[in-house]
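Counting from 1, position 255 in the sequence shown corresponds to residue 1289 in my numbering; the numbering is continuous, with no gaps.
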Amino acid sequence: MGAGPNGLVAALVLARAGLAVDVYEASDEPGGGCRTAELTLPGFHHDLCSAVHPLLVASPAFRDVDLSAHGVRLSTPAIAFAHPLDDGRAVCVGGSVSEVAASLGEDARAYARIFSPLVRDVDKILPAFLGSMRSAPAHPLAASGFALRGLPSARHMARAFGTEEGRALVAGTAAHSMLPLTAPLSGVFPRLFIALAHRYGWPVVEGGSGAIVDALVSELSARGGRIETGHLVKRLDDLPPARAVVLDVTPRQLVDMAGDAMPAAYGRALSRYRYGPGVCKVDWALSGPVPWRAEECRQTVTVHVGGTFEEIARGEADVNAGHHPDRPYCLVTQPCVVDPRRAPEGRHTLWAYCHVPNGSAVDMTARMEAQIERFAPGFRDLILGRSTFTAVAEEEHNPSYVGGDINAGAATLRQMVFRPTVRWNPYRTAMKGVYLCSAATPPGGGVHGMCGLGAARAALLDLGEKEAAPPVP
Ligand SMILES: Cc1cc2nc3c(=O)[nH]c(=O)nc-3n(C[C@H](O)[C@H](O)[C@H](O)COP(=O)(O)OP(=O)(O)OC[C@H]3O[C@@H](n4cnc5c(N)ncnc54)[C@H](O)[C@@H]3O)c2cc1C
């Protein structure tokens, strides 16, 4: 149930094992957080949710899906991401560690010391980080070193850097976590995202992220799987009898859907599950490219807008304390830089979100536009059309984004490992034959399909189909 990327990967793994698979999806089309549509004006194709896909390239769940055979083409900018500062300066990550280090002046040695070993070992670390978090890692030294060094906060990590540029890099990547930058584990995200940037780049899908879902749907259909859209499942009892039920929902929805069928202790554990801040997302149709002052920002897809480490830290602390910052940190993507066919000739699409308190109905459009204008004067004059989703609208659009939390649960220390609750197998629920495959299970949010792979494996093992159960790191 639920045709998001995790639900579809789970369905595909089960279908490959020879099971008959039916998928029920509430929306009128499959894809969940991985869809593309003309949200603003005709001819402007916007990613509704996910836009940038370093995890897709790195994920074991997609290794057996021949995306290119289904027409999925990735476009990877030479600069993975850039971060503008006032006065027209910017810092960016792309190419080799030594190239980025050389651009950081007095922080060159600190950057090389942190990232050279990480980039060297990233393929040993990733399987453990993208896995179920329950099995012994294949490369324990590399994985535990990564985990231990990432345990302290982003603020602690930023102390290694003396320049505004070096510290901004840490803040811009750490803020993806939606955690306060003083929180334990917020330092994992700069390490992971910068290592991914050097190893795989931060690609977008030509034509839009929806092509990933088209590929999954096409493979599933070829194996006899069926998808029924426009079918909101309200209660587990409403589903037809099945040997396994795999749910692409978060704990709150599962508790509602299960009713009395849910064992009380498991229900209590799930009700302690914490959701993180929400997002307010805006898409724009533009008459031309964003006129960033800094040239580096014009050459990449992803731009971290928010200024210095201190400004971003203050804004993220405000959000986590229930306030809406005046100068929000904005995650901005401009796919037309590498994929011009997203918009009519010469025109551009722009995608951005900022963090807001969970359940917020506040429209942050004006504050986000002011932030972009600050680093790209003249931006507002290019706007032809826009579409805004507040955090509450995000949940209306997809019930899995509870309160607008696009990661299906906060990335706290506890919930990074024990998602959704403390159990040996996080994908098995306490109800026989019922499994969770959403981003509320390890490894969490993102289009990587690993939650789907983990849930399908658990179901296949319980059905006695050990041979057909693919390994999960
Ligand atoms: C604004 C935004 C930006 C993002 N940016 C990125 C990015 O750049 N890169 C990245 O990797 N990730 C990004 N993400 C996160 C990514 O989209 C999600 O982590 C991912 O889609 C989770 O996949 P999923 O299958 O677990 O759930 P979802 O994609 O949320 O899919 C769940 C599906 O289940 C359906 N469903 C729920 N309840 C029911 C029900 N009761 N009955 C029937 N169907 C139901 C929903 O309609 C939905 O289709 C972003 C998300 C958002 C919202």
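By construction, the Cβ of each residue, glycine as well, lies at the ideal position given by its N, Cα and C atoms.
So what does DSSP say about residue i, is it helix, strand or coil?
| i | result |
| --- | --- |
| residue 1117 | strand |
| residue 1204 | helix |
| residue 1388 | strand |
| residue 1469 | strand |
| residue 1099 | coil |
| residue 1319 | strand |
| residue 1124 | strand |
| residue 1109 | strand |
| residue 1314 | strand |
| residue 1444 | coil |
| residue 1502 | helix |
| residue 1265 | coil |
| residue 1071 | strand |
| residue 1373 | coil |
| residue 1272 | helix |
| residue 1327 | coil |
| residue 1462 | strand |
| residue 1104 | helix |
May I ask whether a heavy atom of ligand 1 can be found less than 6 Å away from the beta carbon of residue i?
| i | result |
| --- | --- |
| residue 1433 | yes |
| residue 1219 | no |
| residue 1396 | no |
| residue 1166 | no |
| residue 1039 | yes |
| residue 1280 | no |
| residue 1234 | no |
| residue 1465 | no |
| residue 986 | Missing from the structure shown is residue 986; the chain here goes from 1035 to 1507 and no further. |
| residue 1059 | yes |
| residue 1068 | yes |
| residue 1473 | yes |
| residue 1089 | yes |
| residue 1255 | no |
| residue 1083 | yes |
| residue 1222 | no |
| residue 1266 | yes |
| residue 1242 | no |
| residue 1035 | yes |
| residue 1047 | no |
| residue 1371 | no |
| residue 1440 | yes |
| residue 1461 | no |
| residue 1341 | no |
| residue 1488 | no |
| residue 1247 | no |
| residue 1527 | Nothing can be reported for residue 1527: it is not among the residues displayed for the chain, which extend from 1035 to 1507. |
| residue 1480 | yes |
| residue 1387 | yes |
| residue 1509 | One cannot answer for residue 1509 here, as it falls past the ends of the chain, which runs 1035 to 1507. |
| residue 1337 | no |
Can you give me the start and stop residues for the alpha helix (DSSP H) that residue i sits inside?
| i | result |
| --- | --- |
| residue 1364 | First-last for residue 1364: 1364-1367, but that is the beta strand (DSSP E), not the alpha helix (DSSP H). |
| residue 1421 | Run containing residue 1421: none in the alpha helix (DSSP H); it sits in the beta strand (DSSP E), 1417-1423. |
| residue 1399 | 1399-1409 |
| residue 1281 | Residue 1281 -> not in any alpha helix (DSSP H); beta strand (DSSP E) instead, spanning 1279-1281. |
| residue 1133 | 1131-1136 |
| residue 1344 | 1343-1354 |
| residue 1286 | 1285-1292 |
| residue 1163 | 1142-1163 |
| residue 1189 | 1188-1192 |
Taking residue i as the reference, which of the options has the closest Cα?
| i | options | result |
| --- | --- | --- |
| residue 1121 | 1326, 1148, 1163, 1145 | 1326 |
| residue 1384 | 1050, 1043, 1079, 1237 | 1079 |
| residue 1220 | 1057, 1114, 1185 | 1185 |
| residue 1366 | 1424, 1352, 1437, 1402 | 1402 |
| residue 1449 | 1339, 1284, 1069 | 1284 |
| residue 1286 | 1456, 1436, 1468 | 1436 |
| residue 1197 | 1159, 1046, 1343 | 1343 |
| residue 1463 | 1493, 1083, 1099 | 1493 |
| residue 1352 | 1312, 1050, 1194 | 1312 |
| residue 1169 | 1457, 1038, 1466, 1471 | 1457 |
| residue 1157 | 1217, 1218, 1226, 1143 | 1226 |
| residue 1162 | 1474, 1481, 1465, 1451 | 1451 |
| residue 1070 | 1092, 1155, 1238 | 1238 |
| residue 1447 | 1217, 1395, 1038 | 1217 |
| residue 1057 | 1265, 1138, 1094 | 1265 |
| residue 1428 | 1177, 1484, 1315 | 1315 |
| residue 1404 | 1261, 1372, 1364 | 1364 |
Can you name the start and end residues of the beta strand (DSSP E) that residue i belongs to?
| i | result |
| --- | --- |
| residue 1058 | 1056-1058 |
| residue 1338 | 1334-1339 |
| residue 1260 | 1260-1262 |
Consider the C-beta atom of residue i and the heavy atoms of ligand 2; say whether any pair is separated by less than 6 Å.
| i | result |
| --- | --- |
| residue 1436 | As for ligand 2, it is missing from this structure, which binds only ligand 1. |
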